[in-house]
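Colleague: The structure that follows is given in the form of structure tokens.
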Amino acid sequence: MCGIVGIAGVMPVNQSIYDALTVLQHRGQDAAGIITIDANNCFRLRKANGLVSDVFEARHMQRLQGNMGIGHVRYPTAGSSSASEAQPFYVNSPYGITLAHNGNLTNAHELRKKLFEEKRRHINTTSDSEILLNIFASELDNFRHYPLEADNIFAAIAATNRLIRGAYACVAMIIGHGMVAFRDPNGIRPLVLGKRDIDENRTEYMVASESVALDTLGFDFLRDVAPGEAIYITEEGQLFTRQCADNPVSNPCLFEYVYFARPDSFIDKISVYSARVNMGTKLGEKIAREWEDLDIDVVIPIPETSCDIALEIARILGKPYRQGFVKTAMLAAPLSCRASSCVVSPCAVN
1482 MCGIVGIAGV
1492 MPVNQSIYDA
1502 LTVLQHRGQD
1512 AAGIITIDAN
1522 NCFRLRKANG
1532 LVSDVFEARH
1542 MQRLQGNMGI
1552 GHVRYPTAGS
1562 SSASEAQPFY
1572 VNSPYGITLA
1582 HNGNLTNAHE
1592 LRKKLFEEKR
1602 RHINTTSDSE
1612 ILLNIFASEL
1622 DNFRHYPLEA
1632 DNIFAAIAAT
1642 NRLIRGAYAC
1652 VAMIIGHGMV
1662 AFRDPNGIRP
1672 LVLGKRDIDE
1682 NRTEYMVASE
1692 SVALDTLGFD
1702 FLRDVAPGEA
1712 IYITEEGQLF
1722 TRQCADNPVS
1732 NPCLFEYVYF
1742 ARPDSFIDKI
1752 SVYSARVNMG
1762 TKLGEKIARE
1772 WEDLDIDVVI
1782 PIPETSCDIA
1792 LEIARILGKP
1802 YRQGFVKTAM
1812 LAAPLSCRAS
1822 SCVVSPCAVN
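Note that my numbering has the sequence shown beginning at 1482, numbered continuously upward.
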């Protein structure tokens, strides 16, 4: 689980990306990164281990110039927890590409070998996200002798989809061209698209892991990016979309609704809050039906994601709802701790 955001704007995007990552902080507390494209067509990058509020100081934000950028908060599910694994990743060929990825590749080892033996591309980290970036770059390189147009970008994404296996929602930037976003053919990881009209002639576009990021920045929710769909936004602000998978299906990850996502988000047109209440209804009815003699005194949630579920269970059973566990502000998600010696650090309150 990670959080990604991309903004193709008409004004500086550094603060907007920072704000979006702050409300997506629950999706990853291990590392954070932002990369922008400045007026000289150069990438400006800042990434490091830590929370968003710790990684980006005023001096870092001042360097992140440009009207287009992407950001990432990391929850390490593949690779190590070193700073070198922080995203976004970058490759200089072709064109100059940077990418942020939420998900997991199940054939990463096979792809790493293929990249080196067939393309002589070296992967410098243990991250499957760097592998995904190099697969996309390799496929895009097949069009290096042609003008890079939307058709070629979509063809490269379609070829990438055929090669990689797993769950992925990605946002990338190509120097001199624009921003790209795409979602795996099974729609396992969420990705939403929004827009914000600056005036009658200027529009900004945004993609993010959750709709709450759009809401926070005043972007109108357009829709979920469909499974297998790709989006390309040019430097001039022109939007292109295309289905890039042969047999897309919708198989979203249930854990997004149970645990990962914020309750005020919508994923694939489903309210996360409503989904959790419905889970509480079903579980409460099952307990009442199958364990009617169970001696229950109170219903206690483990904060925060189970609170809505527990409250509905308490209502169904007619039992008191109580807070038996206290969470100090917002702590790093326990699942992020990969060893008994890990230290849980307080993070910014969303």
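Don't be surprised by glycine CBs; every beta carbon is placed ideally from N, CA and C.
Since the structure is predicted, the reported quantities are computational estimates derived from the model, not experimental observations.
1. Answer with buried or exposed for LYS1528, where buried requires no fewer than 16 other C-beta atoms within 10 angstroms of its C-beta.
2. Run through the region 1528-1591 for me and flag every whole alpha helix (DSSP H) of 4 or more residues, listed as ranges in chain order.
3. With a threshold of 8 angstroms, are at least 3 pairs of Cβ atoms found where one atom belongs to the region 1688-1703 and the other to the region 1611-1630?
4. Which one or two residues does DSSP pair with GLN1724 in a beta bridge?
5. Residue ranges of each alpha helix (DSSP H) run of no fewer than 4 residues wholly in the region 1715-1782, ordered along the chain?
6. In chain order, what residues of the same chain lie with their CB nearer than 6 angstroms to the CB of ARG1646, ignoring the 5 residues before and after it?
7. Taking the beta carbon of GLY1765 as the centre, do at least 16 other beta carbons fall within 10 Å, making it buried, or is it exposed?
8. May I ask which residues mark the beginning and end of the beta strand (DSSP E) holding ARG1677?
9. From ILE1748 to THR1503, what distance separates their C-alpha atoms?
10. If you compare alpha carbons, which of LEU1505, LYS1594, ASP1535 and ALA1501 is closest to GLY1550?
11. Between the C-alpha atoms of VAL1730 and ASP1778, what's the straight-line distance to the nearest angstrom?
12. At which residues does the beta strand (DSSP E) containing PHE1702 begin and terminate?
13. Helix, strand or coil: how does DSSP classify VAL1504 here?
14. Restricting to Cα atoms, I'd like to know which of ALA1769, THR1809 and THR1684 is closest to ASN1548.
15. Per DSSP, what kind of secondary structure is GLU1685 in: helix, strand or coil?
16. Mapping the DSSP letters down to three states, classify SER1821 as helix, strand or coil.
17. Taking the alpha carbon of GLY1675 as the reference point, which residue from MET1687, PHE1635, ARG1544 and CYS1788 has its own alpha carbon closest?
18. For LYS1595 and GLU1710, I'd like the C-alpha separation in whole angstroms.
19. Measure the Cβ-Cβ separation of VAL1673 and ASP1705 and say whether it is below 8 angstroms.
20. Could you tell me the boundaries of the alpha helix (DSSP H) in which VAL1652 lies?
21. Any contact between the region 1569-1583 and the region 1637-1653? By contact I mean 3 or more CB pairs, one from each, below 8 angstroms.
22. Please name the residue or residues paired with PHE1524 in a DSSP beta bridge.
Modeller: Let's see:
1. buried
2. 1533-1536 and 1539-1544
3. no
4. GLU1710
5. 1753-1771
6. THR1587 and ASN1588
7. buried
8. 1673-1680
9. 19 angstroms
10. ALA1501
11. 44 angstroms
12. 1701-1705
13. helix
14. THR1684
15. strand
16. The predicted position of SER1821 is uncertain, since its pLDDT is 35 and thus under 50; no value can be drawn from it.
17. MET1687
18. 25 angstroms
19. yes
20. Unbroken run through VAL1652 is the beta strand (DSSP E), 1647-1655; no alpha helix (DSSP H).
21. yes
22. ILE1518
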